[in-house]
Structures are given as C-alpha cells and as structure tokens.
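Reading through the structure tokens given below for one structure.
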Amino acid sequence: MIRVAPLKYKADKSVVENWRVAMKTMDEMMQDIDAKKPKVYMPNKFKEMKEYNDTDGKVVVSKMELTPVAQAPEVPSLKVQNLNGSDYDVKNLTGGKLTLLLTCFKNSGFDNLAGWRQAFENALGEDNSMVQIVQLNIIEEWYVRLFPGMIRKGLRTKVPESQYGLTLVYYGECNEFRAAMDMTNTFVGYVQLVDAKGRVRWTAAGNITPEESTVMTLLTSKILAEISQKPRK
Numbered sequence: 072m073i074r075v076a077p078l079k080y081k082a083d084k085s086v087v088e089n090w091r092v093a094m095k096t097m098d099e100m101m102q103d104i105d106a107k108k109p110k111v112y113m114p115n116k117f118k119e120m121k122e123y124n125d126t127d128g129k130v131v132v133s134k135m136e137l138t139p140v141a142q143a144p145e146v147p148s149l150k151v152q153n154l155n156g157s158d159y160d161v162k163n164l165t166g167g168k169l170t171l172l173l174t175c176f177k178n179s180g181f182d183n184l185a186g187w188r189q190a191f192e193n194a195l196g197e198d199n200s201m202v203q204i205v206q207l208n209i210i211e212e213w214y215v216r217l218f219p220g221m222i223r224k225g226l227r228t229k230v231p232e233s234q235y236g237l238t239l240v241y242y243g244e245c246n247e248f249r250a251a252m253d254m255t256n257t258f259v260g261y262v263q264l265v266d267a268k269g270r271v272r273w274t275a276a277g278n279i280t281p282e283e284s285t286v287m288t289l290l291t292s293k294i295l296a297e298i299s300q301k302p303r304k
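Counting in this note's numbering, the sequence shown runs from 72 upward without gaps.
This is the structure in structure tokens:
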C-alpha cells in the first residue's frame, strides 16, 4: 500500500514579513487616531476609589524626563478666585515663570500636596523670582458649593497668609479641564511642572517619594535652563 505524505504548507517568508509590516502599520495608525481624539473625563467615583486604593494613591507613574514641548498640553482656561477674593484665569497665571501647579478635589488630595511644596521650596528657595507655586482647589460637590464663604474660610485656616494670593478655588464640575490636564482621579492630589509658556511638562500624583523629589528637582532645573536660554537670532 502506497502511503501519501501529508502536504505541508510553508508560508513564503516575504508574505509573512509583509503581513507583519502591515499589522504594525495598522497599529501605529490606530494609536495615532486615538492620540488625536479629544480627551474626555467621565466621572466614576467607584472606579476612582478602587484605583486610589489599589495604587495607594499613586495613580500616575511619573516620568523620568520632561514631556517634549511639541507634545506638552497647554493649561486650559478655568476662571477661579484666590483666597483674597480676586478673580483669575488659571491659563494666564504662569506669567513667564516656571509654575509648580498643585491641584486637589478632596481633603485626601489636599493632604498629598504639602510634601511636594516643601520639597520644591527646599530645592529652590521660597523667594526665587523665576518660580512660583500655585495651588488649585476644585470643589465639585453641589452641596458644598452652596457655602463658598465657608470653604474659603476653611482654606484660609489651612494655608499661610503669604500663600493666599496663589491659592485658588473653583466651584463646580470642570470635566473638560480635567480631561485636558489628565486629572482622572478625584481622591489624589496632582503635581505638575508648567513651563513659562503654560505647557505641562511633567505630572505626578499622591504623596511624594524621595525618588520623585529628586526627579522633580532635576526636571525643574532643566526647565529653568530653557527659560534662561537667549532666543536664537
């Protein structure tokens, strides 16, 4: 009896390689499309609380390098008041300086921010004219927003008087602002280095770690070096 060996198909290497290249190109195209989609923040407090607990508040993995200028988002417009009752737009507050922007939504986030402020001031001094620290307190709960005077008074007891001018309050939801700034968790405090042109170059969240303190100081120095560079003729 004659046995017929089963046919084996051997794919042409060029066909396989072309398929791989096509799939890689498709993946890159989809990533590019996703990157160009407008960011959207959809409130989900249960999901945010789980993320907060699962990560011990470190919902952002801070990078070791600055976001390149071409990819850095600009701080969007948000009308706020400081603790002295003056009106501002967060977008216009950089004023040609490097800004450490501290943002919180709840007391848990507020408590995260003190360590970052202290580390920044220790590294650069409290009177450095090239830098400033801006703290943004966003009050979203409708029942709390009914008592703005009480909120302001409470914050004034927690913040030194010297910081009243750059301690800001916003009452209401600001989902577009949150989406643009990648602030997707309500329970943590966010920390961002904003360059002199209002671009967010670095983001962290939660309580500060020694490693993050070192990285923040290094990256702050890099931004200051950019600011100090004379424009090319």
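A virtual CB, placed ideally from N, CA and C, is assigned to each residue, including glycine.
Quiz item: Just the Cα atoms here: how many angstroms apart are E122 and K162?
Solution: What you label residue 122 is simply residue 51 of the sequence shown in a count that begins at 1. What you label residue 162 is simply residue 91 of the sequence shown in a count that begins at 1. Spanning the two alpha carbons is a distance of roughly 29 Å.
Quiz item: With 16 other CB atoms within 10 Å as the buried threshold, where does D158 fall?
Solution: The sequence position of residue 158 within the sequence shown is 87, counting from 1. Exposed, because fewer than 16 other Cβ atoms sit within 10 Å of the Cβ of D158.
Quiz prompt | Contact check, V262 vs T165, beta carbons under 8 Å | solution = The residue given as residue 262 occupies position 191 in the sequence shown. The residue given as residue 165 occupies position 94 in the sequence shown. Cβ distance not < 8 Å, so V262 and T165 don't count as in contact.
Practice problem: Just mark Y241 as buried or exposed, buried being the case when its beta carbon has 16 or more other beta carbons within 10 Å. | Solution: On the sequence shown, position 170 is the one that residue 241 refers to. That one is buried.
Quiz item: If we count Cβ pairs, one from each stretch, closer than 8 Å, do we get three or more for the segment 244 to 254 versus the segment 217 to 226?
Solution: No, because fewer than three Cβ pairs between the segment 244 to 254 and the segment 217 to 226 fall closer than 8 Å, the two stretches do not touch.
Quiz item: Quick one: Cα of Q152 to Cα of L239, how far?
Solution: Counting from one through the sequence shown, the residue named residue 152 turns up at place 81. Counting from one through the sequence shown, the residue named residue 239 turns up at place 168. Distance between the alpha carbons of Q152 and L239: 5 Å.
Practice problem: Between the Cα of N124 and those of V259, A275, L154 and L295, spot the shortest distance and give me the residue it belongs to. | Solution: Taking the sequence shown and counting its residues from 1, one reaches residue 124 at position 53. Ranking V259, A275, L154 and L295 by Cα distance to N124 puts V259 first.
Quiz item: Would you say the beta carbon of R216 comes nearer than 7 Å to a heavy atom of the ligand NAD?
Solution: The ligand NAD is absent from the structure shown, which contains no ligand whatsoever.
Exercise. Answer yes or no: do R270 and A190 have a C-beta to C-beta separation smaller than 8 Å?
Key: One-based indexing of the sequence shown puts residue 270 at position 199. One-based indexing of the sequence shown puts residue 190 at position 119. No. Outside cutoff.
Self-check item: Inter-residue Cα distance where the pair is K304 and K268
Solution: Position 233 of the sequence shown, counting from 1, holds the residue named residue 304. Position 197 of the sequence shown, counting from 1, holds the residue named residue 268. Confidence at K304 is low in this model, with a pLDDT of 46, below 50, so the placement of that residue is unreliable and no value is reported for it.
Quiz prompt | Inter-residue spacing [alpha-carbon to alpha-carbon] between M113 and E88 | solution = Counted from its first residue, the sequence shown places residue 113 at position 42. Counted from its first residue, the sequence shown places residue 88 at position 17. Rounded to whole angstroms, M113 to E88 spans 41 Å at the Cα level.
Practice problem: Determine, using beta carbons only, whether L295 and L173 come nearer to each other than 8 Å. | Solution: Against the sequence shown, residue 295 aligns to sequence position 224. Against the sequence shown, residue 173 aligns to sequence position 102. For L295 and L173, no; Cβs fall outside 8 Å.
Quiz item: Where DSSP assigns a beta bridge to L149, which residues make up the other side?
Solution: Along the sequence shown, one-based indexing puts residue 149 at 78. Its beta-bridge partners do not exist; DSSP assigns none.
Practice problem: With DSSP as the reference, label T96 as helix, strand or coil. | Solution: Residue 96 sits at position 25 when you count from the first residue of the sequence shown. Note: T96 maps to helix in three-state DSSP.
Exercise. Measure the beta-carbon distance from S133 to A275 and round it to whole angstroms, keeping in mind my assumption that it falls under 8 Å.
Key: Taking the sequence shown and counting its residues from 1, the one referred to as residue 133 is at position 62. Taking the sequence shown and counting its residues from 1, the one referred to as residue 275 is at position 204. Right, the Cβ-Cβ distance comes to about 4 Å (below 8 Å), so this counts as a contact.
Practice problem: Check Q300 in the structure and name its three-state DSSP category. | Solution: What you label residue 300 is simply residue 229 of the sequence shown in a count that begins at 1. DSSP places Q300 in coil when its eight states are reduced to three.
Exercise. Can you tell me which of the three DSSP states T170 falls into?
Key: Sequence index remark: in the sequence shown, residue 170 carries index 99 (1-based). Secondary structure of T170 (DSSP, three-state): strand.
Self-check item: Run of the beta strand (DSSP E) containing L207, from where it starts to where it stops
Solution: Looking up residue 207 in the sequence shown gives position 136. Membership of L207 in the beta strand (DSSP E) is indicated by the continuous run V202 to I210.
Quiz item: Among M94, V205, D160 and S292, which residue has its Cα nearest to the Cα of C175?
Solution: Here residue 175 refers to the residue found at position 104 of the sequence shown. Checking every option, the nearest Cα to that of C175 belongs to V205.
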